[in-house]
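Trainee:
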Amino acid sequence: MQCKYLPDVLCFLPSPRRDAVVALSHIVTMLPLSLLNAAQNKPMLVELKNGETFNGHLINCDNFMNITLKEVYQTNPDGDRFWKLKECYIRGSTIKYIRIPENLLDVVKDEQNRAREAGRSNSRGGHISGRGGRGAPVRGRGRGAPMRGGRGRGRGM
Amino acid sequence: MDSLIPFTTSGALVDCVDRKMLVILRDGRKLQGVLRSYDQFANLVLEDTVERIYHGNAFAEFPRGLFLIRGENVVLLGEIDLDKEDEIPLRHVDYATLEPYHQNAIETKKRREEHKAQVLFEEKGFCKEGGEGDGY
Chain A
1 MQCKYLPDVL
11 CFLPSPRRDA
21 VVALSHIVTM
31 LPLSLLNAAQ
41 NKPMLVELKN
51 GETFNGHLIN
61 CDNFMNITLK
71 EVYQTNPDGD
81 RFWKLKECYI
91 RGSTIKYIRI
101 PENLLDVVKD
111 EQNRAREAGR
121 SNSRGGHISG
131 RGGRGAPVRG
141 RGRGAPMRGG
151 RGRGRGM
Chain B
1 MDSLIPFTTS
11 GALVDCVDRK
21 MLVILRDGRK
31 LQGVLRSYDQ
41 FANLVLEDTV
51 ERIYHGNAFA
61 EFPRGLFLIR
71 GENVVLLGEI
81 DLDKEDEIPL
91 RHVDYATLEP
101 YHQNAIETKK
111 RREEHKAQVL
121 FEEKGFCKEG
131 GEGDGY
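Residue numbers (the UniProt record's numbering), protein chains in the order written: chain A, 1 to 157; chain B, 1 to 136.
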């Protein structure tokens, strides 16, 4: 549970509580769905609950884990039949898991660190810039979920 | 820390972050990897994941990389004791060697279950099992 960027204010919390906060803030910066958001244009393998797999590049995703892929290779559950699709949409609720390129986690972390450093140098001395500091938008907010119109009513068609 | 955080998904899993965890999925797959992140649905991010298969007194591993698992498919999430994980009385064998046996065992089990369901339905007056047919 180590975090290089422990906001100084946390030092005054009792140690167990501090650990919890640090761990939470650590997680919050790359929640599973934020990671997915950051994986746009990256290749990935999506396996559905029924065992079908879809290999392709992520075009977009939303907060329901609905995704669109392009240049897709689909296989049946036994893995002995293949289809090639230009583009496909997968409803989030049908997904079992997604396999993402191994290096993506590091890429996202680096990006966040850079953003955080930028936020630090922008802010004036003494100001503690944790997350939500000025100039350092946390990735995955605002950028994602363009598929949802207006106020997010009606998840169906 | 137990008393400070209420028993929620987040409260229960916060201690597991950056630990090596065992995840068992509803389809029976067993994955081991380092838990990097999770959310309120227990969607999980597992890094350096290996899939393990077991057959008889042997097991084998296959590296699978980075996983984002949708929480509903998780049956079990358990921490692996790094001091004890090598003490298991099982032989570590080649994945390619063990995989056919494992597939065979899955097929056999599936057929058995189908047969059982058929007998229960046709002879014992049970209804058909709905949906996915696993016990979860």
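For glycine and all other residues, C-beta sits at the position ideal for the given N, C-alpha and C.
Since Gly-33(B) contacts Leu-46(B) with CB under 8 Å, what's their CB separation in whole angstroms?
Mentor: Their Cβ separation, rounded to whole angstroms, is 4 Å, which keeps Gly-33(B) and Leu-46(B) in contact under 8 Å.
Trainee: What is the rounded straight-line gap between the Cα of Lys-128(B) and the Cα of Arg-111(B)?
Mentor: Lys-128(B) and Arg-111(B) have their C-alpha atoms roughly 16 Å apart.
Trainee: Quick check: the Cα distance between Arg-99(A) and Phe-62(B), rounded to an integer number of angstroms?
Mentor: Using only the alpha carbons, I get a separation of about 14 Å.
Trainee: Could you tell me whether any Cβ in chain B is nearer than 8 Å to the Cβ of Glu-111(A)?
Mentor: False, the Cβ-Cβ gap to chain B never drops below 8 Å.
Trainee: Mind checking whether Leu-68(B) and Tyr-97(A) have CB atoms under 8 Å apart?
Mentor: yes
Trainee: If you drop the 5 nearest sequence neighbours on each side, which residues of the same chain put their C-beta closer than 8 Å to that of Pro-77(A)?
Mentor: Asn-50, Gly-51, Glu-52
Trainee: Taking the alpha helix (DSSP H) that Phe-121(B) belongs to, which residues open and close that run?
Mentor: 95 to 122
Trainee: Name the chain A residues that come within less than 9 Å of Phe-62(B), Cβ to Cβ?
Mentor: Here the premise fails: no neighbours, minimum Cβ distance about 12 Å.
Trainee: Determine the extent of the alpha helix (DSSP H) in which Pro-32(A) is found, giving its start and end residues.
Mentor: 32 to 38
Trainee: What residues in the region 63 to 80 of chain B bring their beta carbon closer than 9 Å to a beta carbon of chain A?
Mentor: Answer set for the region 63 to 80 of chain B: Arg-64, Gly-65, Leu-66, Phe-67, Leu-68, Ile-69, Arg-70, Gly-71, Glu-72, Asn-73.
Trainee: In whole angstroms, give me the CA-to-CA distance for Asn-122(A) and Arg-26(B).
Mentor: 48 Å
Trainee: Specify whether the region 66 to 86 of chain B and the region 13 to 26 of chain B touch according to this definition: at least 3 beta carbon pairs, one from each stretch, less than 8 Å apart.
Mentor: yes
Trainee: Along the chain, which unbroken stretches of the alpha helix (DSSP H) at least 4 residues long are found entirely within the UniProt domain "Sm" (8 to 83) of chain B?
Mentor: 9 to 13
Trainee: So what's Leu-90(B) in DSSP terms, helix, strand or just coil?
Mentor: coil
Trainee: Show which residues of chain A have a CB atom less than 8 Å away from the CB atom of Leu-44(B).
Mentor: Pro-32
Trainee: Cutting at 6 Å between CB atoms, please list the residues of its own chain near Phe-64(A), excluding the five before and the five after it.
Mentor: Gly-92
Trainee: For Asn-55(A), report the span of its beta strand (DSSP E) as first-last.
Mentor: Taken as a continuous stretch (DSSP letters only), the beta strand (DSSP E) holding Asn-55(A) covers 53 to 61.
Trainee: So, does the CB of Ala-47(B) fall closer than 8 Å to a CB anywhere in chain A?
Mentor: Note that residue 47(B) is Glu in the sequence shown, not Ala. Interface residue, yes.
Trainee: Answer yes or no: does any C-beta atom of chain A fall closer than 8 Å to that of Leu-25(B)?
Mentor: Yes, Leu-25(B) counts as interfacial toward chain A.
Trainee: Taking 8 Å as the cut-off, decide whether the C-beta atoms of Arg-70(B) and Asn-104(B) are in contact.
Mentor: no
Trainee: Mapping DSSP to helix, strand and coil, what is Arg-116(A)?
Mentor: helix
Trainee: Compare the C-alpha of Arg-36(B) against each of Asp-110(A), Leu-105(A), Ala-115(A) and name the closest.
Mentor: Leu-105(A)
Trainee: Classify Gly-79(A) as buried or exposed, calling it buried when 16 or more other Cβ atoms lie within 10 Å of its own Cβ.
Mentor: exposed
Trainee: Quick one: is Gly-135(A) buried, meaning 16 or more other Cβ sit within 10 Å of its Cβ, or exposed?
Mentor: Residue placement at Gly-135(A) is poorly supported in this model, since its pLDDT is 40, which falls under 50; the coordinates still yield a value, given next. Counting every other CB atom within 10 Å of its CB across the protein chains shown gives Gly-135(A) a total below 16, marking it as exposed.
Trainee: What would DSSP say about Glu-47(A), mapped onto helix, strand or coil?
Mentor: strand
Trainee: Would you call the CB atoms of Gln-74(A) and Leu-85(A) closer than 8 Å?
Mentor: yes
Trainee: Would Asp-94(B) count as contacting chain A if we go by Cβ distances under 8 Å?
Mentor: no
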